[in-house]
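Residue numbers (full-length UniProt numbering): 1 to 66. Note that CB positions come from ideal geometry on N, CA and C, so glycine has one too. All values derive from a computational prediction rather than experimental measurement. I have placed the structure first, in the form of structure tokens, so that the comments after it can refer back to it.
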């Protein structure tokens, strides 16, 4: 079952793709970024991703619990 309506979702800021048991979210970050600069939250029915101190690149409610 899909977590979101489309199996692959492209926007101007991120790409979401999924298979039956795996989700991949890709977005560009500045070259100098380190893992500690990222703000990633994965909750039961919400996913948020971006850079700390900035608006999230991705903030979605998902259809199935993680």
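Does DSSP classify residue i as helix, strand or coil?
| i | result |
| --- | --- |
| residue 52 | coil |
| residue 21 | coil |
| residue 34 | coil |
Thinking just about the alpha-carbon of each residue, which of the options is nearest to the one in residue i?
| i | options | result |
| --- | --- | --- |
| residue 64 | 49, 32, 43 and 53 | 43 |
| residue 41 | 52, 33 and 28 | 52 |
List the endpoints of the continuous beta strand (DSSP E) containing residue i.
| i | result |
| --- | --- |
| residue 59 | 58-61 |
Pull the bridge partners of residue i from the DSSP assignment, please.
| i | result |
| --- | --- |
| residue 47 | 42 and 60 |
| residue 26 | 15 |
Using 9 Å as the limit for Cβ to Cβ distance, is residue i near chain C?
| i | result |
| --- | --- |
| residue 13 | Here there is only one protein chain, and chain C is not present. |
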